[in-house]
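Quick note: the sequence shown uses our numbering, first residue 39, plus one each step.
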Amino acid sequence: MSATMEGTRRVEHTRQRIIETAERLFAEHGVFSISNRQISEAADQGNNAAVNYHFGTKADLIRAIVRRHAEGMDRIRGELLARYDGSTELRDWVACVVLPVTGHLAELGAPSWYARFAAQVMTEPKLRELAATELGEVTLLRAIHTALHRCLPELTAAVCAERDDMARTLLMHFCAQRERTADPDWPATATILIDAIVGLYRAPVSGAAH
Numbered sequence: 039m040s041a042t043m044e045g046t047r048r049v050e051h052t053r054q055r056i057i058e059t060a061e062r063l064f065a066e067h068g069v070f071s072i073s074n075r076q077i078s079e080a081a082d083q084g085n086n087a088a089v090n091y092h093f094g095t096k097a098d099l100i101r102a103i104v105r106r107h108a109e110g111m112d113r114i115r116g117e118l119l120a121r122y123d124g125s126t127e128l129r130d131w132v133a134c135v136v137l138p139v140t141g142h143l144a145e146l147g148a149p150s151w152y153a154r155f156a157a158q159v160m161t162e163p164k165l166r167e168l169a170a171t172e173l174g175e176v177t178l179l180r181a182i183h184t185a186l187h188r189c190l191p192e193l194t195a196a197v198c199a200e201r202d203d204m205a206r207t208l209l210m211h212f213c214a215q216r217e218r219t220a221d222p223d224w225p226a227t228a229t230i231l232i233d234a235i236v237g238l239y240r241a242p243v244s245g246a247a248h
C-alpha cells in the first residue's frame, strides 16, 4: 500500500470514528450538551481539535451523520418503491415510510444510536431544518410521499403536510424509545407503527383544521 493510500485510509478511519462517537454522545446527552472537544477526546484523538479539522463545524458533523444513515435507508426505500409501484393502498405507502427506518436500525444491530440521535435533532428547530435540508435531496423519499398523498384525496395539501410531520415525529420518537431496550424487536415495532400511522392519516379532520 502506498503512503498516499495509507494516509487516506487513516483519515477515513478517523472520520468514521468521530462520526460514530459523536452520534452516541449526541444520542445520550443531546447535541448542544456536547462540545467538539469532548467528541475528539471520546474518539481517542490526540488532537482536541480533530472534529474541527475533519468536519469544520458541528453542523457539518451532524450533516455527515445524517448522510451516513440516509444512504442505508434510501437503499431500502428503493426496494420498497419497486415492490409497491402502482399501489393505491395507503398501508403500502406508510410501510415505505416506516420500514426504511426500522429496517436500517435492524441492520445496525444492538446497541444502536441513530433513532435517539434523530429524535434529539427533531426536537431542535434549527437542527431539524438542517436535517430536513439534507434529506430533502432524497428523491425516493419525495416519491413515497407523493404516492401516499394520492391515497388521501379527501385531505388538503396543508393537512397532508401536517400529518407527514406527525408521522415522522411518532416514527422517530417511538423508535428512539425501543432503541433503548437491550434487544429491540424491529419487525414488531414496524407493524405497530404502520398500524398507528395509517390511523393517523385516516383520522377525521375537524372544520377548523380544513
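Just so it is clear, CB atoms sit at the ideal spot from N, CA and C, and this is done for glycine as well.
Between Gln83, Gly68, Glu162, which has its C-alpha nearest Val49's C-alpha?
The residue you call residue 49 lines up with position 11 of the sequence shown. The shortest Cα separation from Val49 among Gln83, Gly68, Glu162 belongs to Gln83.
Between which two residues does the alpha helix (DSSP H) holding Asp82 run?
Translated into the one-based positions of the sequence shown, residue 82 becomes position 44. Asp82 -> no alpha helix (DSSP H), and no H or E assigned at all.
List the endpoints of the continuous alpha helix (DSSP H) containing Val135.
Residue numbering aside, residue 135 sits at position 97 when the sequence shown is read from its first letter. Counting along the chain, the alpha helix (DSSP H) containing Val135 begins and ends at 128-146.
Restricting to Cα atoms, I'd like to know which of Val139, Phe212, Gly94, Glu66 is closest to Arg115.
The sequence position of residue 115 within the sequence shown is 77, counting from 1. Here the closest residue by C-alpha is Val139.
For Gln158, which option in Ile57, Ile56, Glu61 has the closest C-alpha, if you only look at C-alpha atoms?
Indexing the sequence shown from 1 puts residue 158 at position 120. When only C-alpha atoms are compared, the closest one is Glu61.
What would DSSP say about Thr207, mapped onto helix, strand or coil?
In the sequence shown, the residue the question calls residue 207 occupies position 169. Three-state DSSP puts Thr207 in a helix.
Tell me which same chain residues have a C-beta within less than 7 Å of the C-beta of Gly110, skipping the five on either side of it?
For the purposes of this step, residue 110 is taken as the residue at position 72 of the sequence shown. For Gly110, where only same-chain residues beyond five positions count, the Cβ hits under 7 Å are His142, Glu145.
Which word fits Pro51, buried or exposed, when buried means at least 16 other C-beta atoms lie within 10 angstroms of its C-beta?
As a first step, residue 51 must be located in the sequence shown, where it is residue number 13. Going by the sequence as given, residue 51 is His instead of Pro. Classification for His51: exposed.
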